[in-house]
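Heads up, the thing below is written out as structure tokens.
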Amino acid sequence: MSIDLPSIRTRLEDGVLFATLDAGSLNLLGVDLVRDLVSLVDMLYTDPGDIRVVVIDSASPDYFCAHVDLTAVPQYTAEAAKAGGPGDASLGMFLYKLARVPVITIAKVRGRARGGGNELALACDMIFASREKAVFGQFESGTGALPGAGGVQHLARRLGRTRAIEAIVSADDFDADTAERYGWINRALPDTELDGFVERLAKRIAGFPPEGVRVAKRAVNDLTLASPAHIRSDAATFQSLIARPESRERLDHLGARGLQTPGGLERDLGKAVGDFPEDNEDS
Amino acid sequence: MSIDLPSIRTRLEDGVLFATLDAGSLNLLGVDLVRDLVSLVDMLYTDPGDIRVVVIDSASPDYFCAHVDLTAVPQYTAEAAKAGGPGDASLGMFLYKLARVPVITIAKVRGRARGGGNELALACDMIFASREKAVFGQFESGTGALPGAGGVQHLARRLGRTRAIEAIVSADDFDADTAERYGWINRALPDTELDGFVERLAKRIAGFPPEGVRVAKRAVNDLTLASPAHIRSDAATFQSLIARPESRERLDHLGARGLQTPGGLERDLGKAVGDFPEDNEDS
Amino acid sequence: MSIDLPSIRTRLEDGVLFATLDAGSLNLLGVDLVRDLVSLVDMLYTDPGDIRVVVIDSASPDYFCAHVDLTAVPQYTAEAAKAGGPGDASLGMFLYKLARVPVITIAKVRGRARGGGNELALACDMIFASREKAVFGQFESGTGALPGAGGVQHLARRLGRTRAIEAIVSADDFDADTAERYGWINRALPDTELDGFVERLAKRIAGFPPEGVRVAKRAVNDLTLASPAHIRSDAATFQSLIARPESRERLDHLGARGLQTPGGLERDLGKAVGDFPEDNEDS
Chain A
1 MSIDLPSIRT RLEDGVLFAT LDAGSLNLLG VDLVRDLVSL VDMLYTDPGD IRVVVIDSAS
61 PDYFCAHVDL TAVPQYTAEA AKAGGPGDAS LGMFLYKLAR VPVITIAKVR GRARGGGNEL
121 ALACDMIFAS REKAVFGQFE SGTGALPGAG GVQHLARRLG RTRAIEAIVS ADDFDADTAE
181 RYGWINRALP DTELDGFVER LAKRIAGFPP EGVRVAKRAV NDLTLASPAH IRSDAATFQS
241 LIARPESRER LDHLGARGLQ TPGGLERDLG KAVGDFPEDN EDS
Chain B
284 MSIDLPSIRT RLEDGVLFAT LDAGSLNLLG VDLVRDLVSL VDMLYTDPGD IRVVVIDSAS
344 PDYFCAHVDL TAVPQYTAEA AKAGGPGDAS LGMFLYKLAR VPVITIAKVR GRARGGGNEL
404 ALACDMIFAS REKAVFGQFE SGTGALPGAG GVQHLARRLG RTRAIEAIVS ADDFDADTAE
464 RYGWINRALP DTELDGFVER LAKRIAGFPP EGVRVAKRAV NDLTLASPAH IRSDAATFQS
524 LIARPESRER LDHLGARGLQ TPGGLERDLG KAVGDFPEDN EDS
Chain C
567 MSIDLPSIRT RLEDGVLFAT LDAGSLNLLG VDLVRDLVSL VDMLYTDPGD IRVVVIDSAS
627 PDYFCAHVDL TAVPQYTAEA AKAGGPGDAS LGMFLYKLAR VPVITIAKVR GRARGGGNEL
687 ALACDMIFAS REKAVFGQFE SGTGALPGAG GVQHLARRLG RTRAIEAIVS ADDFDADTAE
747 RYGWINRALP DTELDGFVER LAKRIAGFPP EGVRVAKRAV NDLTLASPAH IRSDAATFQS
807 LIARPESRER LDHLGARGLQ TPGGLERDLG KAVGDFPEDN EDS
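Protein chains in written order, with my numbering: chain A, 1 to 283; chain B, 284 to 566; chain C, 567 to 849.
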């Protein structure tokens, strides 16, 4: 395995590839990060070498991955399309491919994982989060859309009907403890214990005979993953909804207040989407 | 939207319809309450006006909704039948229609929600409960029957096999904290925080563009709701079981001790169904 | 009902059969215990008499059931085959039959329930565990295999995708509190309360009219159990994986260090499977 990715720092140790997302302080899923994730996943399918487990975390202390780059939806979608077959041009189908990659993937989450960033975590095989610093959310309903890259599928299957509806249509932030109680993530751990816990677990699994691990993951995936038809449908619905005037208006309003720039609004995006003025005028 | 319902007090505010069940101290699902719930749901399908979210709670401090009126099963079933197509004469099919209503519904539970009352809560899109005052239960197995209006379907899908079997065949009461741990409800909240939490959440969602919320709810419903065939089957099984002699005997015994009258037995109905004398004689 | 089983002590009281596994200090699922479990389940199908509920626990303070007897896989499989039809020669298909038995079964777990022992518990209708003394785990991935007797199916459906993958491919031990949080078991209870809780619950259910209980269990089973095809596939995969050289090597290494003998390695088997030396030489 040999890979050099501009926006993902990698380190291979004892069968574990530590992949640290490093695409700016927000770690937006834009052209750069999607391109590099596509390359990484392609390598894991075609030439994994000694890699048995991949741990994905973030170089940014406040953001695991803020969300997709809403100013470049067609562009990052074009990058995501390079991962798939014809007609599968969506971030959702790329993350679906990630979910089925024949090694084990672990999301280690500090900071915010919202929208596509949360869906990136949900596509991993396990999610461990900092109790103090992790935040999860699908804010799309607050802008007139819905989670378009697997979030609806994963949350409905994992949280059950009422909690999934709350998670999606509330568009709100969920701290790590609540996410654990809801079955959204594996566990919330004290921040000081998170790195050690994940490293030990990853190296442990990397030391097991790989065929059994691969077969077990595939068996669970067969029982729990959505069908591609569901993923394609959600992606199409997302694209259709964000093109509607009321969605453009919400996104423009958030954009004028600092969306996608480091700072206050992004930090509290779950709260911010609830603050749209009733008169529908930017103020 | 204009609606005047004898047994449901309503108030519309900022897109949220606050619907308070007010059908006597037990809030039994009898002719009056079922008739008014059918009218409410019909209005939400055909002429919702500004209503985006409905919050359902109870005017009775001790009962969200005790259960169905066991003295009037044919009568309330006839009312429920008015909600559906031919052949769908069951409370279960009406609650199934409620679960798919194109606005968001939130059950805010204080007091007891048992049997059909619990199934009413389960048919809502979210359930938030008073940690100190809410009680959930499906007591039907204790009387020889089974939950016939969706409870089996919701609990099996939401709680998983072993907890669903416990919830149903134990026929016991579950406090709000246990219900939260089991994934039966969204959350147990301190009683003093419950109203504020639900009102803020409801108004927040009511402020979002409605099309995305509607589509997201439908997508989750498609993945998590039972099929009508399951609902119809459970309803038929319930009708068949409660007609059996051993079920009549249990209900008569409970009736003689105060079933459906405010007071001791109804308060502790979970316990009471376990106290049937072994000699099968009323004592 | 009349049954005399060498490795299972039974006591019938108020409709509850207390069945205490007593097949040595490890309670291995070997020829003796599988033979007697097959007899017990056969009796529950054909001649249950007054039995309405079965409580399964262990005579060994440290082991509910350590796992299958890895030195006698063909032999215990032959015993399990006696429970089923032609072509269903697997422990998994026998436990699948147990899961559908027309009485209620409750696993009361103290000590370790790993591998097939955990799958025995998962096949019961409810699992209550000692908070201080119960340990759950599927250690198979650590030896190159996967849970072959229902574990993949139950855990994937009950824990959701990410927690099921963790439970299986980590091959690690889970204490009762974590198992409860993951939805693996019904509840962890203080050890001093466990016996009383389970006995009261079992006798309560045994006192209800049996037809409703039976129908309710069947309805939940229909929604939550795997299909036989899944069970057969997992059994075949398990048989195939444990025959591979890397699996033999791991099992031989564990065998040389005390696998299947009372003592240190079995007590901490979750840890032990992670300690395979990197040079692949027994040391």
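Every residue gets a Cβ at the ideal spot worked out from N, C-alpha and C, and that includes glycine.
List the DSSP bridge partners of residue i.
i, result
"A:ASP173", "A:GLY137"
"B:ARG318", "DSSP output for B:ARG318 lists no bridge partner at all."
"A:VAL53", "A:VAL16, A:ILE104"
"C:TYR629", "C:ARG678"
"C:LEU862", "As displayed, chain C neither begins before 567 nor continues past 849, which places residue 862 of chain C out of reach and without an answer."
"B:SER341", "B:LEU304"
"A:LEU122", "Answer by DSSP bridge pairing: none, since A:LEU122 is not bridged."
"C:ARG850", "A query on residue 850 of chain C cannot be resolved here, the shown segment of chain C reaching from 567 to 849 and no further."
If we count the other Cβ atoms within 10 Å of its Cβ and call it buried at 16 or more, is residue i buried or exposed?
i, result
"C:ASP613", "exposed"
"B:TYR328", "exposed"
"C:SER793", "exposed"
"B:LYS365", "exposed"
"A:GLU140", "buried"
"B:ASP319", "buried"
"B:GLU296", "exposed"
"A:GLY196", "exposed"
"B:PRO493", "buried"
"A:ASP4", "exposed"
"C:GLU732", "buried"
"B:ALA485", "buried"
"B:THR388", "buried"
"B:THR360", "buried"
Below 7 Å CB to CB, which residues in the same chain sit around residue i once its five sequence neighbours on both sides are set aside?
i, result
"A:GLN75", "VAL31"
"C:THR803", "LEU712, GLY714"
"A:PRO262", "SER25, LEU26"
"C:GLU685", "LEU661, PRO713, ALA715, GLY716, GLY717"
"B:GLY557", "GLY425"
"A:ASN280", "In this prediction, A:ASN280 scores a pLDDT of 49, lower than 50, which makes its location untrustworthy; the coordinate-derived value is nonetheless stated afterwards. So the qualifying residues of the chain are GLU249."
"B:GLY375", "GLY431, ALA432, GLY433, ILE514, ASP517, ALA518"
"C:PHE842", "ARG816, HIS819"
"B:ASP458", "VAL418"
Considering only residues of the same chain and omitting the five flanking positions on each side of residue i, which have a CB-CB separation below 6 Å?
i, result
"B:ILE339", "ALA302, ALA390"
"B:ILE468", "ILE410, ALA412, ALA462"
"B:PRO385", "ARG497"
"A:LEU98", "VAL41, ALA123"
"A:VAL169", "SER141"
"A:GLY183", "ARG158, LEU159"
"C:ALA722", "ALA730"
Give the single residue among the options whose Cα lies nearest to the Cα of residue i.
i, options, result
"C:PRO572", "C:GLY836, C:SER605, C:GLY749", "C:SER605"
"C:ARG618", "C:GLY778, C:ALA754, C:ASP741", "C:GLY778"
"B:HIS513", "B:SER373, B:ARG444, B:LEU548, B:ASP319", "B:SER373"
"A:GLU23", "A:MET126, A:ASP42, A:THR162, A:HIS67", "Looking at the sequence provided, one finds Ala at residue 23 of chain A rather than Glu. Here the closest residue by C-alpha is A:HIS67."
"B:GLU362", "B:VAL324, B:GLU532, B:ALA462, B:ARG440", "B:VAL324"
"B:SER343", "B:ALA447, B:LEU300, B:LYS416, B:GLY398", "B:LYS416"
"C:CYS900", "C:ARG676, C:ILE670, C:SER806", "Absent from the structure is residue 900 of chain C, since the part of chain C shown begins at 567 and ends at 849."
"C:GLY681", "C:ASP739, C:ARG784, C:ARG780", "C:ASP739"
"A:MET126", "A:VAL198, A:ARG112, A:GLN138, A:ARG157", "A:VAL198"
"C:SER799", "C:GLN719, C:LEU636, C:VAL781, C:TYR629", "C:GLN719"
"A:ALA256", "A:LEU194, A:VAL215, A:GLY144, A:ALA272", "A:ALA272"
"B:ALA355", "B:LEU552, B:LEU312, B:THR388", "B:LEU312"
"C:GLY581", "C:ASP616, C:SER624, C:ARG766", "C:ASP616"
"A:MET43", "A:SER58, A:ASP62, A:THR10", "A:THR10"
"C:ASP818", "C:ILE574, C:LEU583, C:LEU636, C:VAL620", "C:LEU636"
"A:GLU278", "B:ALA499, B:ARG487, B:ARG441", "B:ARG487"
"C:THR790", "B:THR445, B:GLU529, B:PHE491", "B:THR445"
"A:ARG244", "A:GLY84, A:GLU266, A:GLY144, A:GLY117", "A:GLY144"
Using a Cβ-Cβ cut-off of 8 Å (strictly less than) and excluding sequence neighbours within five positions of residue i, which residues of its own chain qualify?
i, result
"B:ASP460", "ARG414, ALA471"
Quick check: does the Cβ of residue i come within less than 7 Å of any heavy atom belonging to the ligand MG?
i, result
"B:LEU438", "Summarising the ligand content, the structure contains no ligands, and the ligand MG is consequently not present."
For the stretch 710-739 of chain C, enumerate the residues whose C-beta is nearer than 9 Å to any C-beta of chain E, in chain order.
-> This model lacks chain E altogether, as its protein chains are A, B and C.
Sequence ranges, beta strand (DSSP E) only - wholly within the stretch 197-222 of chain A, length at least 3 = If we require 3 residues or more, the stretch 197-222 of chain A turns out to have no beta strand (DSSP E) run fully inside it.
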